[in-house]
Structures are given as structure tokens and as C-alpha cells.
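Undergrad:
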Amino acid sequence: MTPPLIIAVPKGRILAEAVPLLQRAGIEPEAAFSDEDSRALRFATSNPGIDLIRVRAFDVATFVAHGAAQLGIVGSDVLAEFDYSELYAPVDLGIGHCRLSVAEPAALAATDDPRGWSHVRIATKYPHITRAHFEARGVQAECVKLNGAMELAPLLGLAPRIVDLVSSGRTLKENGLVEVEVIAEVTSRLIVNRAAFKTRTEVVPLVEAFRRAVDQTRAA
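Numbering (the UniProt record's numbering), first residue to last: 1 to 220.
Shown next, in the form of C-alpha cells:
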């Protein structure tokens, strides 16, 4: 018997936006999937050939790249940070809109000019993207790797600047920080394990179902 396809979906803010797309693609998750207080990690769906797993956003790409899941939903920021050759990203889902930005304390920004930087010390969970961005400008970036609470780094002297995802900008503002540069606009993508794309016949129709779901969402 062929095992079910597994789709990895991130916890957090993208989850609520992903559920309507899943439904439009013909995948109705069991009720517990949308309950963020649920301790379960694997969930059944209305399609007996498809299960969902709910994991951290950064782990979605890893599960799919290594074949533990065949498909996933993940931000373009994560894809750029890990750059797994095993992943194929055929559909921009048009959800999870935000941007990856450089931010610093408002007092520093008042007199600072990013065009004059030659060396920066930055706290971020995106060291690969950050270094590549600044190297392209001839700027040396010293990255301090953090997994969360990025806004504390400038406040406590760990690093004067951060690179992090920004949506409304409210968190930055509440911590006295301002954006000074946008590195990339971010949306969520449907990703597929390349080997599964070639060997599991159910994958291609499922990718097309997601494409139609995105088109329907845009037309609504």
C-alpha cells in the first residue's frame, strides 16, 4: 500500500492563511489542525492519501528536502536561507506577505546612512541571506545568530542592528527600532521534494490543485 503524501505546514501566522488554500485544493484538515494549543503534530485530512504535519517554519524546508515530507508551505525567506538543491518551488501561494529588513534604533537611524557602511554587526536568524546581501555591496557583515527576540539585541548591546521579518512594523516601533533597508519581499511558496515530484504520481495533480486554488483566491 502506498503511504500517504505528507504536507508540512508551518506553525504561527501563516497557518491561518494556509487553511483556506488547502481547502480550495480539496484538502480539509481535521479540526485539531487549526487548534494551535493542540500538542498533536500529524493530522489526517478529508483525503485518506494526504496527511499534514505542523512544524516550525524553518523546519518545513528541512523535512521536505530530506524526504520526510513530500510537499510543504514555507516562506521564500526560509528557501533563500537554506537554498536546498532538493527542493522545487513551483507555486507562489500569495500568502504570508512580509519583508526581510535591516532595522536599528531610531536614535542611530537619525544620523546613519546605510550607503556609508563598510562593516556591520547584525543579530539575525538569517546569517546566509544577510552576509550575501552585504557582500554584494562590498560590506563586511558580522552576524550574531539568534532564533528569536531579535529586537532585544540592540537594546542590550549585543548588536546595533538586526535583520528580521517585518509585517506591520509594530514590534519594531514598540522596541524603539526603525527599518533602514529592505533586503527582500517575502511570500509563502508551495515546495516539493524533487525526488517525490518524479516518483509519486499524485504530486503533479496536487501541485495543479494548489495553482487553481491560488487563482481562485485572486479572483475572489
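Using N, Cα and C, we set each Cβ at its ideal position, and we do this for glycine too.
Because the structure is a prediction, the values reported are computed rather than measured.
Rounded to a whole number of angstroms, what is the C-alpha to C-alpha distance between Thr2 and Ala80?
TA: As a first step, residue 2 is located in the sequence shown; it is residue number 2 there, counting from the start. As a first step, residue 80 is located in the sequence shown; it is residue number 80 there, counting from the start. Approximately 32 Å, taken between the alpha carbons.
Undergrad: Excluding the five sequence neighbours on either side, which residues of its own chain have a C-beta within less than 7 Å of the C-beta of Thr22, listed in chain order?
TA: The residue you call residue 22 lines up with position 22 of the sequence shown. This sequence places Leu at residue 22; Thr is not what is there. Contacts found: Pro29.
Undergrad: Tell me the DSSP bridge mates of Pro29?
TA: Reading the sequence shown from its first residue, position 29 is the one you call residue 29. Partner(s): Thr45.
Undergrad: Kindly say whether Ala110, judged by its beta-carbon, lies nearer than 8 Å to any beta-carbon of chain C.
TA: In the structure shown, chain C does not exist; there is a single protein chain.
Undergrad: Spatial neighbours of Asp164 within its chain, please: C-beta separation below 6 Å, excluding the five flanking residues on both sides.
TA: For this step, residue 164 is matched to residue 164 along the sequence shown. Taken in chain order, the residues that qualify are Met150.
Undergrad: Please go through the same chain and pick out, in chain order, the residues whose beta-carbon is closer than 8 Å to the beta-carbon of Gly169, but skip the five residues on each side of it.
TA: Mapped onto the sequence shown, residue 169 falls at position 169. The residues are Glu179.
Undergrad: With distances taken between CB atoms, is the gap from Gln99 to Val166 smaller than 8 Å?
TA: For the purposes of this step, residue 99 is taken as the residue at position 99 of the sequence shown. For the purposes of this step, residue 166 is taken as the residue at position 166 of the sequence shown. The residue you asked about is not Gln; residue 99 is Arg in the sequence shown. Contact flag set, yes.
Undergrad: First and last residue of the alpha helix (DSSP H) that includes Thr124?
TA: Start at 1 with the first residue of the sequence shown, and residue 124 comes out as number 124. Note, Thr124: premise wrong, no alpha helix (DSSP H); beta strand (DSSP E) at 119–124.
Undergrad: Looking only at its chain, what residues have a beta carbon closer than 8 Å to the beta carbon of Leu87, apart from the 5 residues adjacent to it on each side?
TA: The count along the sequence shown starts at 1 and reaches residue 87 at position 87. So the qualifying residues of the chain are Ala61, Val64, Ala65, Leu79, Ile191, Val192, Asn193, Arg194.
Undergrad: DSSP state of Ala8, grouped into three classes?
TA: For this step, residue 8 is matched to residue 8 along the sequence shown. DSSP places Ala8 in strand when its eight states are reduced to three.
Undergrad: So, at 7 Å on beta carbons, what are the nonlocal neighbours of Val91 in its own chain, with the 5 sequence-adjacent residues on each side left out?
TA: Counting from 1 along the sequence shown, the entry for residue 91 is found at position 91. Result list for Val91: Arg189, Leu190, Val207, Phe210, Arg211, Val214, in chain order.
Undergrad: In or out: Asp83 buried (at least 16 other Cβ within 10 Å) or exposed?
TA: Here residue 83 is taken as the residue at index 83 of the sequence shown, counted from 1. So Asp83 counts as exposed.
Undergrad: Rounded to the nearest angstrom, what separates Lys173 and Gln70 at their Cα positions?
TA: Reading the sequence shown from its first residue, position 173 is the one you call residue 173. Reading the sequence shown from its first residue, position 70 is the one you call residue 70. Approximately 39 Å, taken between the alpha carbons.
Undergrad: Specify the secondary structure class of Asp113 as computed by DSSP and reduced to three states.
TA: As a first step, residue 113 must be located in the sequence shown, where it is residue number 113. Looking at Asp113 - three-state DSSP - the assignment turns out to be coil, as it is neither helix nor strand.
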